[in-house]
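As structure tokens, this is what we get:
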């Protein structure tokens, strides 16, 4: 498999970064993951717009020449790795770059950002979409700029590990008594036919799939409230589901050993799944 790093396509095993790279030392960088279906990039413009937002948020200055080539580089990776058939994903990571000596302040003068892309085959989690998943609740202890898709994912990783050790698929994060996200997806709840999700503030990532679901809900005339679900309301919900680029629309049927709704994927989730599958297929 080939990857791209700082202007070169090279075998994955040969890819290296400097020990002085601020992404390595400080987590000083952003990333994106784009879904590819039959050589078609899904919602690529939206992903790249969010990448730009993250770069601005961290004051990382990527040259317009490199920025304008990101999608072409991604497409070249799909070709080089023979991933044009079926499904794949492209990972993009941009850090502030390598700077020495190690200091907490940003390098002055500025250094060249490190640009890394990789591609991999992808198999949808069809079984989980059909039957739903179990989860546990965990405290949301992430920093307060979750709207930036940075590489600082240790709290997310720890939450996902807690879920794995509990023998469940994922976790539902709770901050100040309300549901925010899962470690790697947004969350929607359904009560009385109304869709609810945490509003797009600094406490959640405004997921690309989340935005697509809101558009789908509008098309299907499903009422939406951009307000969080309280922890106390969790087991009063009729439905709950995760959304994400590699998660798709994933029903949650059990949390902390208790059923959500009927304990089976609900009607509204099924409606949104069907419409989202059409979007993935380009229909």
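Residue numbers (our numbering): 95 to 377.
Just so you know, even glycine gets a beta-carbon here, dropped at the ideal spot from N, CA and C.
Mind checking which residues open and close the alpha helix (DSSP H) that includes residue 114?
Residue 114 -> no alpha helix (DSSP H), and no H or E assigned at all.
Nearest residue (CA-CA) to residue 275, options 261, 310, 288 and 321
321
Nearest-angstrom Cα distance between residue 174 and residue 96?
7 Å
Who are the Cβ neighbours of residue 75 in its own chain at under 6 Å, not counting the five residues just before and after it?
What the structure shows of the chain is the stretch from 95 to 377, and residue 75 is not part of that stretch, so it cannot be assessed.
How long is the line joining the alpha carbons of residue 181 and residue 301, rounded to whole angstroms?
20 Å
So residue 190 packs on residue 116, CB below 8 Å; how close in whole Å?
4 Å
Apply the 10 Å Cβ neighbour rule to residue 238 and answer buried if 16 or more other Cβ atoms are within range, or exposed otherwise.
exposed
Determine the contact status of residue 292 and residue 273, defining contact as a CB-CB distance below 9 Å.
yes
Beta-carbon separation (whole angstroms), residue 124 vs residue 149, contact threshold 8 Å
6 Å
Validate contact between the region 279-295 and the region 329-339 using beta carbons, cut 8 Å, 3 pairs:
yes
So, using beta-carbon positions, are residue 232 and residue 257 closer together than 9 Å?
yes
Counting only runs that start and end within the region 340-366, where is the alpha helix (DSSP H) found for 4 or more residues in a row?
none
Determine, using beta carbons only, whether residue 318 and residue 331 come nearer to each other than 9 Å.
no
Same chain, Cβ closer than 6 Å to residue 283, neighbours up to 5 away in sequence not counted:
290, 323, 331 and 334
Residue 368: which of 347, 357, 285 and 220 sits nearest, CA to CA?
220
State the CB to CB distance for the pair residue 329 and residue 352, rounded to an integer number of angstroms; the pair is presumed to be in contact (CB under 8 Å).
6 Å
Quick one: what's got a C-beta closer than 7 Å to residue 271's C-beta in the same chain, skipping five residues either side?
324 and 325
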